[in-house]
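Here the sequence shown is numbered in my numbering, starting from 210 and rising by one per residue. Remarks on the structure that follows.
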Amino acid sequence: PICSLGAWSVGPTDVSSRPDNATLPITADTTDSAGNIASQASITVDKTTTVPTVAITNSPDISQANLTSYIVSGTCSENGTNISLDVGGITKSPNCSSGTWSTSQIDTTGLSDGTISITADHSTATQASTNINKDTASSTVTISSAQNITTSNELNYTASGTCSENGINVDVFIDSLNYLVTCSSGTWTTGQVDVSSLTDGTSLLVTADHDSATQASSTINKDTTTPTVSSLGVAATLSESIDITWSLNDPGGFTIDDYTINYKVKGTPTWLTFADGVSVLKSATVTGLIASTTYEFRVRVDYDTGSSSEWSNTTEGETQPENPIFGPYTAMNVGGSTTTTVVAYEDSTTITLNGGALITLNKGQTHTFTSAQFDYIDADKPIFTAGRRGSGANTTKGNIVWQPTAWAGKSFSFNATRETNQYLDVYAVEGTSIEIKQGSTLLASTTLIAGATTTLSWTTQGSYQVTSTGSILAFHISGTTTRIVDPKPLLPDSTEIIGFPSNYMKMTTGTDGTNYNGVHSNSSTESGSQNKSDVIRINPQGGTTSLYQSESLLILADQKIYGSSYADSNGNCAAPFLPTSFMKTKYAIPVNGDYIAFASKSPGTITVKNSSDATVTTLTLTRSGSAANAPYKARLANPTAGHRFISTVPVGAWYQSNTDVGAADQDETIMYGTN
Numbered sequence: 210p211i212c213s214l215g216a217w218s219v220g221p222t223d224v225s226s227r228p229d230n231a232t233l234p235i236t237a238d239t240t241d242s243a244g245n246i247a248s249q250a251s252i253t254v255d256k257t258t259t260v261p262t263v264a265i266t267n268s269p270d271i272s273q274a275n276l277t278s279y280i281v282s283g284t285c286s287e288n289g290t291n292i293s294l295d296v297g298g299i300t301k302s303p304n305c306s307s308g309t310w311s312t313s314q315i316d317t318t319g320l321s322d323g324t325i326s327i328t329a330d331h332s333t334a335t336q337a338s339t340n341i342n343k344d345t346a347s348s349t350v351t352i353s354s355a356q357n358i359t360t361s362n363e364l365n366y367t368a369s370g371t372c373s374e375n376g377i378n379v380d381v382f383i384d385s386l387n388y389l390v391t392c393s394s395g396t397w398t399t400g401q402v403d404v405s406s407l408t409d410g411t412s413l414l415v416t417a418d419h420d421s422a423t424q425a426s427s428t429i430n431k432d433t434t435t436p437t438v439s440s441l442g443v444a445a446t447l448s449e450s451i452d453i454t455w456s457l458n459d460p461g462g463f464t465i466d467d468y469t470i471n472y473k474v475k476g477t478p479t480w481l482t483f484a485d486g487v488s489v490l491k492s493a494t495v496t497g498l499i500a501s502t503t504y505e506f507r508v509r510v511d512y513d514t515g516s517s518s519e520w521s522n523t524t525e526g527e528t529q530p531e532n533p534i535f536g537p538y539t540a541m542n543v544g545g546s547t548t549t550t551v552v553a554y555e556d557s558t559t560i561t562l563n564g565g566a567l568i569t570l571n572k573g574q575t576h577t578f579t580s581a582q583f584d585y586i587d588a589d590k591p592i593f594t595a596g597r598r599g600s601g602a603n604t605t606k607g608n609i610v611w612q613p614t615a616w617a618g619k620s621f622s623f624n625a626t627r628e629t630n631q632y633l634d635v636y637a638v639e640g641t642s643i644e645i646k647q648g649s650t651l652l653a654s655t656t657l658i659a660g661a662t663t664t665l666s667w668t669t670q671g672s673y674q675v676t677s678t679g680s681i682l683a684f685h686i687s688g689t690t691t692r693i694v695d696p697k698p699l700l701p702d703s704t705e706i707i708g709f710p711s712n713y714m715k716m717t718t719g720t721d722g723t724n725y726n727g728v729h730s731n732s733s734t735e736s737g738s739q740n741k742s743d744v745i746r747i748n749p750q751g752g753t754t755s756l757y758q759s760e761s762l763l764i765l766a767d768q769k770i771y772g773s774s775y776a777d778s779n780g781n782c783a784a785p786f787l788p789t790s791f792m793k794t795k796y797a798i799p800v801n802g803d804y805i806a807f808a809s810k811s812p813g814t815i816t817v818k819n820s821s822d823a824t825v826t827t828l829t830l831t832r833s834g835s836a837a838n839a840p841y842k843a844r845l846a847n848p849t850a851g852h853r854f855i856s857t858v859p860v861g862a863w864y865q866s867n868t869d870v871g872a873a874d875q876d877e878t879i880m881y882g883t884n
């Protein structure tokens with residue numbers, strides 16, 4: 210620029226090429242006509258071209274608890290400058306430091322109860338605003354649910370109610386046991402807690418205290434001296450029937466006569482009694498139902514000729530749509546095994562493939578055949594089917610269990626933590642729209658007509674939720690088109706699952722704020738809370754923890770959960786934990802194995818028989834812990850193809866094959882059984 214009349218100016222200049230700088234230098238030099246050089250002038254300026262931001266991240270409602278000590282906080286971009294904050298007319302100027310701001314304690318006594326607006330202005334940032342509620346009337350608390358304590362719920366008892374001060378604790382006493390829980394969204398719950406230490410009796414007091422609220426109280430009874438039914442769950446659903454299972458809590462000294470089963474269409478008022486005759490089995494198939502209909506069930510035990518227990522928990526299940534693939538022994542090759550082995554439980558078992566004759570087998574006999582993805586196998590008697598997808602090294606093949614079509618459902622959660630590429634093979638039983646989410650993030654979606662198939666894919670690790678408007682069967686694999694890692698069927702979520710952590714297990718939920726309690730067979734315990742985006746890791750217990758030699762693990766939750774065992778010492782496979790309602794008393798192995806492992810909620814024995822029906826050995830379900838709800842386990846090394854396993858109590862089963870003929874060597878796999 211030219212010096213004119215003692216001044217100079219550069220005029221408008223484009224400096225966009227210069228990066229932002231808090232001390233951007235500006236210098237000026239000049240020389241007069243005689244060649245004299247002036248002293249250089251310099252100054253630094255701050256160049257900031259990013260748009261300032263401000264947010265309000267913490268603004269609780271105002272109650273008696275924080276009336277005179279109210280604090281608001283948030284984030285900001287212009288460190289060293291003040292925030293112009295307005296809380297219902299009360300102005301404050303907190304300083305932005307390290308990208309955050311926070312007020313000191315504000316006395317809000319002068320503000321009227323009701324909706325209060327909060328705004329935050331910061332430099333040229335877009336104003337942040339939010340509304341809160343001020344309610345300084347007396348706090349309230351109620352007890353909505355505090356059932357009598359019986360043998361069916363003393364290990365997982367739950368009390369719950371309403372509360373008015375969100376974020377403030379509710380102090381709960383169940384007789385002498387104390388629990389401090391948080392008021393959230395106007396409700397509180399203890400989650401599942403163990404109250405077995407309380408002495409049986411009448412008029413046990415349950416109380417709830419909350420801020421300035423009047424104490425809520427309720428009286429209950431504890432009676433654990435008579436038989437009760439617990440853990441009622443749905444084991445399988447077909448078009449016109451639903452299998453249910455339950456546990457009997459029997460302190461002994463009683464004669465069990467029968468079980469009464471009630472059912473009704475969900476939402477209707479009248480319970481119906483299912484006429485199944487007299488039976489002391491802890492399972493039943495409720496027949497005569499309507500397809501695509503949700504039913505509720507409850508069960509009680511009848512004992513000592515005229516006495517009956519309280520009703521069990523209520524469970525629900527939806528019948529499958531009308532479809533020929535829903536037979537009691539039908540399974541589908543959703544995972545895509547190309548060479549498969551089937552084993553029969555009984556003599557003269559006629560087996561079909563895709564509706565056409567395949568073979569007739571006697572008990573313990575096996576048959577290996579070539580298969581294609583989404584083939585379905587059926588029989589007139591129980592069978593078990595699994596095979597191999599891929600070939601070569603461990604990471605290029607997987608042992609694939611065919612899925613009983615009764616495992617079809619509309620909602621699943623699962624996880625993957627070892628590979629970034631994920632694939633979900635899907636068979637649509639009926640027309641459906643499917644979404645796969647990770648928390649609130651949509652990962653993949655599709656719409657299918659009835660009978661259509663697809664593979665959905667995405668590239669993240671973590672926890673996932675699948676929702677479908679129609680019934681589907683689904684199988685998950687990590688890896689690539691030539692790399693098969695952690696193949697596993699998706700099983701319906703459950704509030705109670707059992708299995709082996711092996712080297713470790715990882716758990717997922719479909720509902721935020723899920724509380725869980727786990728117990729290993731050595732009585733070591735696990736507990737916590739998780740959200741949909743979480744993947745909870747639980748390590749094994751025991752001396753040798755690989756190859757399903759760890760302690761077994763039983764997990765109970767107040768919302769439905771899913772878990773899988775990962776990272777065994779050989780192979781690259783995963784196997785799901787089993788909903789306890791899916792446990793069976795009979796299993797058969799299709800190929801020679803490295804091991805077969807069993808987990809159960811009850812003590813018992815497992816008779817191992819060969820194809821000649823001769824007893825090979827007898828396994829005993831044991832535990833090393835003394836906790837009342839600690840699970841049991843048994844394991845057999847090197848089982849032989851065709852061996853059948855007959856248990857005196859329901860069990861879950863997992864095996865690892867040691868051959869690539871009709872199976873994948875060194876890959877552990879969940880099993881499905883029969884009763």
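Where is the CB? At the ideal position from N, CA and C, for every residue including glycine.
When the alpha-carbon of Gly607 is set against those of Asp556, Ser677, Ile246 and Gly545, the nearest one is in Gly545. Counting C-beta pairs with one atom in each stretch, the region 861-870 and the region 827-835 have fewer than three that are closer than 8 Å, which means they do not touch. Secondary structure remark: continuous beta strand (DSSP E) runs of at least 3 residues inside the region 432-520, in chain order: 437-446, 451-458, 465-474, 492-495 and 503-512. By the Cβ neighbour-count rule, Asp322 is exposed, with fewer than 16 other Cβ atoms within 10 Å of its own.
Sorting Ser282, Ser666 and Gly565 by C-alpha distance to the C-alpha of Asn267 places Ser282 at the top. The C-alpha of Gln574 is placed about 45 Å away from the C-alpha of Gln401. In the DSSP annotation of this structure, the continuous segment of the beta strand (DSSP E) that includes Cys285 starts and ends at Ser282 to Cys285. By the CB criterion at 8 Å, Ile534 and Tyr585 fall inside the cutoff. Cβ-Cβ distances below 8 Å link Ile327 to Ile265, Ser268, Val281, Leu294, Asp295, Val296, Gly297, Ser338, Thr339, Asn340 and Ile341 in the same chain, with the five nearest sequence neighbours on each side left out; the list follows chain order. The beta carbon of Thr605 is closer than 8 Å to those of Gly599, Thr691, Arg692 and Ile693 in its chain, skipping five residues each way along the sequence. Non-local C-beta neighbours of Gly737 in its own chain, meaning closer than 7 Å and more than five positions away in sequence, comprise Tyr725 and Ile745, ordered along the chain.
Rounded to the nearest whole angstrom, the C-alpha separation of Tyr366 and Val495 is 28 Å. According to the DSSP assignment, Gly671 belongs to the beta strand (DSSP E) that extends over Gly671 to Thr689.
Sixteen is the threshold: when 16 or more other Cβ atoms of the shown chains lie within 10 Å of the Cβ of Lys715, as they do, the residue is buried. Non-local beta-carbon contacts of Leu413 in its own chain, meaning distances under 6 Å to residues more than five positions away in sequence, involve Asp384, Ile429 and Lys431 in chain order. Ser405 has its alpha-carbon roughly 15 Å from the corresponding atom of Ser439. Within the region 620-678, the complete beta strand (DSSP E) runs of at least 3 residues fall at 631-637, 641-647, 650-657 and 662-667. With a contact defined as Cβ atoms closer than 8 Å, Thr549 and Ala595 qualify at about 7 Å. Around the C-beta of Arg227, fewer than 16 other C-beta atoms lie within 10 Å, and the residue is accordingly described as exposed. Counting along the chain, the unbroken beta strand (DSSP E) around Asn340 starts and ends at Ala337 to Lys343. For Val870, no beta strand (DSSP E) encloses it, and the DSSP letter there is neither H nor E. Here the alpha carbon of Thr829 sits roughly 10 Å from the alpha carbon of Thr857. Between Glu760 and the set Pro785, Gly751 and Asp767, the nearest pair of CA atoms involves Gly751. It is roughly 37 Å from the alpha-carbon of Met792 to the alpha-carbon of Thr371. Here Ala783 is buried. Its C-beta has 16 or more other C-beta atoms within 10 Å. In this structure, the alpha-carbon of Leu787 lies about 11 Å from that of Leu699. Taking every protein chain shown into account, the CB of Ile645 has 16 or more other CB atoms within 10 angstroms, so this residue is buried. Counting of Cβ neighbours within 10 angstroms places Thr669 among the exposed residues, the total staying below 16.
By the beta-carbon neighbour count (other beta carbons within 10 angstroms, threshold 16), Ile252 is exposed. At a cut-off of 3 residues, the continuous stretches assigned as beta strand (DSSP E) that sit fully inside the region 777-827 are 793-797, 802-809 and 813-818.
Ser642 has its alpha-carbon roughly 21 Å from the corresponding atom of Ile686. Inclusion of Tyr468 and Asp511 in the CB contact set at 8 Å is warranted, their separation being smaller than that value. CA-to-CA, the gap between His576 and Ser517 works out to about 48 Å. Under DSSP, no beta-bridge partner is assigned to Ser711.
For Ala444, the closest of Thr878, Thr514 and Thr789 by C-alpha to C-alpha distance is Thr789.
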